[in-house]
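**Q** First residue of the sequence shown: 256, per this note's numbering; consecutive thereafter.
For each residue, glycine too, the CB sits at the ideal point set by N, CA and C.
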Amino acid sequence: MYPQIVTLKTMLKSSYLLLFLLFATPTVLFGQNESFSYDINGIHPNYVVVELDSLDQEALYKKAVQWVKATQRTIKSTVVNDQLHFEGAKENAVCTTVMGKTSCNNVRYEVQLAFKDKKYRFDVVRLEQFGPVNQTGLKDWFDTPLDKAPDHYYTRGGELKKECVSIPGDIAGLFNDLNISLKAYLLKEHVAEKEEGW
């Protein structure tokens, strides 16, 4: 038995195969990410695309409009069968804890949906909180940046402050829950239609 000689060409082939497997496997196994996260760099990804088999663009649009109305949100604008811009609100959605006392702010948000055959795009457009706007405790609506977390959430070293530890999860959870609710509604309605047409 002779030891196998490894040539540069063999090593390059192996490394190309390894790189291909590293980058291709997550896409094949898990598909596109359908959830948001929020950190020092804001919300990401900027949008999510959700694929739904056998629902055409018009059906997705109509059912999304029904979902917005059924969940008591407000339609701000539409492009029939193409886009839907809506706003909503949630009480006690974003919380901080200072000296053991938790305080939560109400939020208002805006979302833009775009539709194509068998998929929709979910874009977070705006987030506002109702809470203290300065040290006096005066409360009012204020924007929560989506492209970068406010400086007062993090230390100079980039660590999340103790009192703000739940904020990233609260913000990401708000939009993930909305998207899950919308997707479930679209799928549920689709199944009901299928059963009726037996």
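Would you mind working out which of Met354, Val362 and Gly355 sits nearest Ala348, comparing C-alpha positions?
**A** If you number the sequence shown from 1, residue 348 lands on position 93. Nearest of Met354, Val362 and Gly355 to Ala348, Cα basis: Val362.
**Q** Expressed to the nearest angstrom, what Euclidean distance is found between the alpha-carbon atoms of Lys373 and Leu441?
**A** For the purposes of this step, residue 373 is taken as the residue at position 118 of the sequence shown. For the purposes of this step, residue 441 is taken as the residue at position 186 of the sequence shown. Each residue's Cα considered, the two are about 11 Å apart.
**Q** Straight-line CA distance for Asp395 to Pro387?
**A** Numbered from its first residue, the sequence shown carries residue 395 at position 140. Numbered from its first residue, the sequence shown carries residue 387 at position 132. Their Cα atoms are separated by approximately 7 Å.
**Q** Which residues in the same chain as Tyr408 place their Cβ atom closer than 7 Å to its Cβ, once the five residues preceding and following it in sequence are excluded?
**A** Locating residue 408 in the sequence shown gives position 153, where the first residue counts as 1. Closer than 7 Å at the Cβ level, and outside the excluded window around Tyr408, lie Leu415, Lys416, Cys419 and Ile422.
**Q** In the DSSP assignment, find the beta strand (DSSP E) that holds Glu313 and state where it starts and stops.
**A** For this step, residue 313 is matched to residue 58 along the sequence shown. Premise fails: Glu313 lies in the alpha helix (DSSP H), Gln312 to Ala325, not in any beta strand (DSSP E).
**Q** If you reduce the DSSP assignment to three classes, tell me which class Lys371 lands in.
**A** For the purposes of this step, residue 371 is taken as residue 116 along the sequence shown, with counting starting at 1. Lys371: strand per DSSP, three-state reduction.
**Q** Quick check on the DSSP output: the beta strand (DSSP E) that includes Ala344 runs from which residue to which?
**A** Walking along the sequence shown from the start, residue 344 turns up at place 89. Segment Gln338 to Val353, the beta strand (DSSP E) holding Ala344.
**Q** Which two residues bound the contiguous beta strand (DSSP E) that contains Asp329?
**A** Within the sequence shown, the letter at position 74 stands for residue 329. In the sequence under discussion, the amino acid at residue 329 is Thr, which differs from the Asp named in the question. Its beta strand (DSSP E) spans residues Thr329 to Val334.
**Q** With distances taken Cα to Cα, identify the nearest neighbour of Ser436 among Thr352, Ala325 and Asn288.
**A** By one-based count along the sequence shown, residue 436 stands at place 181. Selected option, being the one with the closest Cα: Ala325.
**Q** Which residues does DSSP list as the beta-bridge partners of Val305?
**A** Here residue 305 corresponds to residue number 50 of the sequence shown, with the count starting at 1. Tyr375, per the DSSP bridge assignment.
**Q** Which residues in the same chain as Gln312 place their Cβ atom closer than 7 Å to its Cβ, once the five residues preceding and following it in sequence are excluded?
**A** In the sequence shown, counting from the first residue as 1, residue 312 sits at position 57. If we look at Gln312 and ignore the five residues flanking it on each side, its Cβ neighbours are Asn336, Phe370, Lys371 and Asp372.
**Q** Reducing DSSP to helix, strand and coil, say where Phe397 ends up.
**A** Counting from one through the sequence shown, the residue named residue 397 turns up at place 142. Strand, per DSSP.
**Q** Does the segment 294–311 come into contact with the segment 390–406, if we say contact requires no fewer than three beta-carbon pairs (one atom in each stretch) closer than 8 Å?
**A** The answer is yes - the segment 390–406 touches the segment 294–311, with three or more Cβ pairs under 8 Å.
**Q** Which stretch, first to last residue, makes up the beta strand (DSSP E) that contains Ser292?
**A** Taking the sequence shown and counting its residues from 1, one reaches residue 292 at position 37. Note, Ser292: beta strand (DSSP E), Ser292 to Asp294.
**Q** If you reduce the DSSP assignment to three classes, tell me which class Ile435 lands in.
**A** Taking the sequence shown and counting its residues from 1, the one referred to as residue 435 is at position 180. The answer is helix: DSSP assigns Ile435 an H, G or I state.
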